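The listed protein sequences correspond, in order, to chains A and B.
Residue numbering for the first sequence follows my numbering, starting at 126 and increasing by one per position.
Residue numbering for the second sequence follows my numbering, starting at 128 and increasing by one per position.
Here a beta-carbon is modelled for each residue, glycine too, at the ideal position from N, C-alpha and C.
The structure displayed is predicted, hence computed values, not measured ones.
Below is one structure, written out as structure tokens; comments come after it.
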Amino acid sequence: MSIIWQAPTISTHVAGTAGFSIPGIANANRHRPTFDNGSSFAIYNSPFSFMSRALSLSRTALCKLLVIFFLLLGSAVAGVDWTQIERDLSAKIAGANGPGAISLDLVNRASFGKGELDSIRRSLITQLSTLGIQVVKPDQAAAVVQVSLSENLQDYVWVAEIRQGTSPATILMSTARRATAPVLPSAHAPAITISRTLLWSQETRILDTAVVEVSGAPGYLLVLDGTGVRVSRFESGRWREEQFLPVNHVKSWPRDLRGRLVLRKDHLFDAYLPGVICSSTGGASLGLSCRDGDDPWPLSPDLSAFFTPNRNYFTGGLSPGIRQENSVAPFYSAVPVPKANYTLWVFASLDGTLQLVDGVSKQSLSGLGFGSDLAVVRSTCGSGLQVLASSNTDNATDAVRAFEIPDREPVPISPLLEFAGPVISMWTENNATNAVAIIRNLDAGRYEAYRLSISCGQ
Amino acid sequence: MKRIAFLFLAVSSLCLNADAATRPHYGRTLRVSLLARPTSLEPIQSLAPTAPQLAELIFDTLVSLDQQARPQPQLAISWSAEGGNRRWQINLRPGVMFHDGSPLTPEVVASSLRAANPSWQVSANGDSVQIVTDAPNDTLPAELSLVRNAIVRRDSSGKILGTGPFRVNDFLPGRKLTLAANDDYWNARPFLDSIEIEFGISPRDQLIALELGKADLIEIAPEQIRRSTADGRRVVVSRPIDLFALVFTRDRQSAEEGRLRDALSYSLDRASMRSALLQGEGDVAAAILPLWISGYEFLFPAKQDLARAQQIKSGLKQSSPWSLGYNANDPVARLMADRIVLNAHDAGLAVQVTPNQQTDLRLVRIPLVSLDVRLALRGVALAADIPAPAPGGTTLDQNYQVERSLMDSQRITPLLHLPRAQGIGVTVRNWQRTPDDSWDLESIWLATEKP
Chain A
126 MSIIWQAPTI
136 STHVAGTAGF
146 SIPGIANANR
156 HRPTFDNGSS
166 FAIYNSPFSF
176 MSRALSLSRT
186 ALCKLLVIFF
196 LLLGSAVAGV
206 DWTQIERDLS
216 AKIAGANGPG
226 AISLDLVNRA
236 SFGKGELDSI
246 RRSLITQLST
256 LGIQVVKPDQ
266 AAAVVQVSLS
276 ENLQDYVWVA
286 EIRQGTSPAT
296 ILMSTARRAT
306 APVLPSAHAP
316 AITISRTLLW
326 SQETRILDTA
336 VVEVSGAPGY
346 LLVLDGTGVR
356 VSRFESGRWR
366 EEQFLPVNHV
376 KSWPRDLRGR
386 LVLRKDHLFD
396 AYLPGVICSS
406 TGGASLGLSC
416 RDGDDPWPLS
426 PDLSAFFTPN
436 RNYFTGGLSP
446 GIRQENSVAP
456 FYSAVPVPKA
466 NYTLWVFASL
476 DGTLQLVDGV
486 SKQSLSGLGF
496 GSDLAVVRST
506 CGSGLQVLAS
516 SNTDNATDAV
526 RAFEIPDREP
536 VPISPLLEFA
546 GPVISMWTEN
556 NATNAVAIIR
566 NLDAGRYEAY
576 RLSISCGQ
Chain B
128 MKRIAFLFLA
138 VSSLCLNADA
148 ATRPHYGRTL
158 RVSLLARPTS
168 LEPIQSLAPT
178 APQLAELIFD
188 TLVSLDQQAR
198 PQPQLAISWS
208 AEGGNRRWQI
218 NLRPGVMFHD
228 GSPLTPEVVA
238 SSLRAANPSW
248 QVSANGDSVQ
258 IVTDAPNDTL
268 PAELSLVRNA
278 IVRRDSSGKI
288 LGTGPFRVND
298 FLPGRKLTLA
308 ANDDYWNARP
318 FLDSIEIEFG
328 ISPRDQLIAL
338 ELGKADLIEI
348 APEQIRRSTA
358 DGRRVVVSRP
368 IDLFALVFTR
378 DRQSAEEGRL
388 RDALSYSLDR
398 ASMRSALLQG
408 EGDVAAAILP
418 LWISGYEFLF
428 PAKQDLARAQ
438 QIKSGLKQSS
448 PWSLGYNAND
458 PVARLMADRI
468 VLNAHDAGLA
478 VQVTPNQQTD
488 LRLVRIPLVS
498 LDVRLALRGV
508 ALAADIPAPA
518 PGGTTLDQNY
528 QVERSLMDSQ
538 RITPLLHLPR
548 AQGIGVTVRN
558 WQRTPDDSWD
568 LESIWLATEK
578 P
């Protein structure tokens, strides 16, 4: 069992009120306030697993690691730099009270841990002393200062109430802008059969990602979302965004937007979105040329399918078809399972059934617990080819499981690989040895792209 | 053997995740039951006060507030201020259409905003709209997110039109509203094909409709949340966002009357009201705004202090009993009113519950109209018919002073902050919990029975 652990880096940008503007206006998301919809542009990326330090851990060690992870999770305010707000409030207290002796009482009205509270108290005492105020015991104090550490939707709110004798309390407030939802490290599951590597994380919905290899090593990462394609270079162990290529389109996107990146040989990539096809352009610098179109989306090198431009599913129309079959029932996703003399196609239909089509016969399977998203990966395990399927849950977590289809019956071959939110998309990568799963991480309030691959259960 | 293994794994996964779903489905009709009886679709006069959630389905605002109450683009894509936040330039999103296919133009937007805000000077300016206010107003972007500032257009027949995710198919005032998905919605067509809303349905009948599968979305009163949850219904509960308060209908006439009002405030046992009448739901309200919005509610006292109330009352003469009115359609209000009479009596004050409209005191339930502190305070002041504070003020200290002055006016005595709750049907998926309890119905979808 091995654990991959990589601490994330966080950068945030909080938009101000006046003079606010956004790029890509036609693609801007509606910002109805929800608890999971962010609007800043923080980027988090972590390196590939093979670039990271791999640790072999026992189950006990894993549990300890998870405990630490959840402890970190619970301390939502930990790690915030309070220097400015401490300085500001201390200055206000000094301005109102003047130099002298006070008693200081801290009241925790937010989610501070005891350690954090003690640290803030020490810092406040230090700040106050530089301003000529000594913190003493209540019976020696000329004034009693109670500082409440509170918070509201936008800010951390620290309130000082200064009481001198029977006079009404003087109220002083200082605020510090709250960051958006913190990016928390993802607990990488042990690589038992399906292993995952976090490729990218962002606040807006990711549709697909593609890794462009250079000389056999990851060179560039393409991330498709509703506004365009982000191009990042792998450098010093991390992805650094180099370029953003906007997707220009006229009509608004459908809800539950989907999209697909396909690497090409004659140009870098194509991006398929509902009713819009984009191709990268070369020349002095990378560009993106988009046009309205209902060209079929590639499902494999041999089969493409038409996507409904104003919905979230494929129409069922196939190009060129599976032998004589040119159409199937509308579906969300499909994967090929090569057999000795033919290819069996598995379609995840809108009604939750699986349609198995080989060009001669069709078969419908129901009640298997399959979700809407399928991908297929090659490996050195089992038959050498596994179907990855999301599960049909809408609980807080979602999961992916690997199956093999030796005959016409899917057989699960892996335990569930759980995620901290629903799997909203899954595509087979170009090389077919990996798949990309896009997760809406409900804990972090972000979308995450994972590369999934099969390990042989060491 | 493989089949057994598969079944075991499949069953075990079902046990872990009993609630089944897949990728969102387009289509189907959501059935909603509401107690309110809006008589028109006018956002300001009818929908905002009775059913603000419905206004957001039909109409868009220029701006919306995100979960941290920060303004975000909606029909406006950007904005900027000049002249010390007095003159605002609002740039409009291109390509937006009203439900009749007519374009959203700066002229229409200006006309709509002028109607809602007579004191603003609003004019079309190229592709944008310019708003000039009497005084510096740095809350203007947030103000544009209020339902009352939704952008509406009237066609030649006087029919009211919006740009929202749903268009009106049929409206029987006070009885029924049928909405259809706006296929050309600028921010993606809703998953649902249509919504049918029945008005004037009593809470009991709403529960029955949900039980029988005849409604997918109903309201649950705060005092029913615990029981509904215990009964196994799917109940979604907001943060406490409605204010239950006592409002004096006129200013105090003397210092003595002010002290009597103080005595009344100290006599109130809010904790008992919450535990006994609301089954422990909601929060005791010390201030107009709850802590999670303001961050400073604890600066106001809320604990009952009967001894102090009696002490204040002693030596003062109440010229006549205060009459207390309440909303007779609100089952909790009557119980609350009775409790207030008892608390006041313990302090030596006389309060009489009366069904009359003209009363000294009113027991009111005021929805907080915005997550923005200043706008929320103004909204409460307007609802309570208290002179509204000026829109200025940029710091939390200033907001606190505004709230302090409203409280010091002794016109309003907060009692409880109440959550809003909905019961949702078993097929409803992707319900988004929003801090302001707006209904994000364009994002929900209805599942079909699992095969």
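Residue closest to residue i, alpha-carbon to alpha-carbon, out of the options
i: PRO535(A); options: TRP470(A), ASP381(A), ASP280(A), GLY341(A); result: TRP470(A)
i: LEU542(B); options: SER283(B), GLY550(B), LEU405(B); result: LEU405(B)
i: ASN566(A); options: CYS581(A), SER539(A), PHE544(A); result: PHE544(A)
i: LEU157(B); options: THR305(B), SER255(B), ALA163(B); result: THR305(B)
i: GLU346(B); options: ASP564(B), GLU569(B), GLY222(B), THR575(B); result: ASP564(B)
i: LEU273(B); options: VAL480(B), ASP261(B), LEU498(B); result: LEU498(B)
i: ILE539(B); options: PRO514(B), PRO198(B), THR554(B); result: PRO514(B)
i: SER489(A); options: ASP568(A), ARG363(A), PHE472(A), GLU276(A); result: PHE472(A)
i: TYR312(B); options: TRP378(A), ASP532(A), PRO399(A); result: TRP378(A)
i: VAL411(B); options: LEU443(B), PHE371(B), SER173(B); result: PHE371(B)
i: SER340(A); options: THR329(A), PHE359(A), VAL348(A), GLY257(A); result: PHE359(A)
i: ARG288(A); options: ILE227(A), PHE431(A), ASP568(A); result: ILE227(A)
i: LEU577(A); options: VAL482(A), GLU554(A), TYR438(A); result: GLU554(A)
i: ASN252(B); options: ASN557(B), GLU234(B), ASP265(B); result: GLU234(B)
i: ASP227(B); options: THR522(B), ARG361(B), ARG316(B), GLY289(B); result: GLY289(B)
Through-space distance from residue j to residue i, alpha-carbon basis
i: VAL529(B); j: LEU545(B); result: 22 Å
i: SER421(B); j: PHE225(B); result: 37 Å
i: ARG501(B); j: ASN526(B); result: 6 Å
i: LEU231(B); j: SER239(B); result: 11 Å
i: ALA178(B); j: MET298(A); result: 36 Å
i: ASP254(B); j: ILE204(B); result: 11 Å
i: ASN276(B); j: GLN449(A); result: 58 Å
i: SER355(B); j: ALA301(A); result: 40 Å
i: ILE210(A); j: ALA216(A); result: 10 Å
i: THR149(B); j: GLY351(A); result: 21 Å
i: GLN327(A); j: ALA436(B); result: 56 Å
i: ASP280(A); j: PHE375(B); result: 33 Å
i: GLN582(B); j: LEU387(B); result: With chain B running from 128 to 578 in the structure shown, residue 582(B) is simply not present.
i: SER452(A); j: PRO399(A); result: 19 Å
i: HIS392(A); j: LEU411(A); result: 10 Å
i: SER402(B); j: ALA413(B); result: 16 Å
i: ILE551(B); j: GLU338(B); result: 10 Å
Residue i, DSSP secondary structure in three states
i: ILE278(B); result: coil
i: HIS226(B); result: coil
i: TRP419(B); result: helix
i: ASP389(B); result: helix
i: PRO461(A); result: strand
i: TYR527(B); result: helix
i: ILE331(A); result: strand
i: ALA269(B); result: helix
i: GLU554(A); result: coil
i: ARG366(B); result: coil
i: THR468(A); result: strand
i: SER539(A); result: coil
i: GLN209(A); result: helix
i: ALA301(A); result: strand
i: ARG241(B); result: helix
i: ARG576(A); result: strand
Whole-angstrom C-beta distance between residue j and residue i, which should lie under 8 Å
i: VAL548(A); j: LEU510(A); result: About 20 Å separates the two Cβ atoms, so there is no contact after all.
i: THR324(B); j: LEU168(B); result: Reading the sequence as shown, one finds Ile at residue 324(B) and not Thr. About 11 Å; that fails the 8 Å criterion.
i: LEU161(B); j: PHE293(B); result: The Cβ separation is near 15 Å, so there is no contact.
i: PHE425(B); j: SER273(A); result: 6 Å
i: ASN474(B); j: SER394(B); result: A small correction: the amino acid at residue 474(B) is Ala; Asn does not occupy that position in the sequence shown. That belief holds up - the Cβ atoms of ALA474(B) and SER394(B) are roughly 4 Å apart, short of 8 Å.
Any non-hydrogen atom of the ligand GTP within 6 Å of residue i CB
i: VAL460(A); result: Looking for the ligand GTP in the displayed structure turns up nothing, as the structure carries no ligands at all.
Hey, which unbroken runs of the beta strand (DSSP E) at 3 residues or more fall wholly within the segment 424-459 of chain A? 429-432, 439-447, 450-452
Restricting to runs no shorter than 3 residues, where is the beta strand (DSSP E) found entirely within the segment 455-486 of chain B? 478-480
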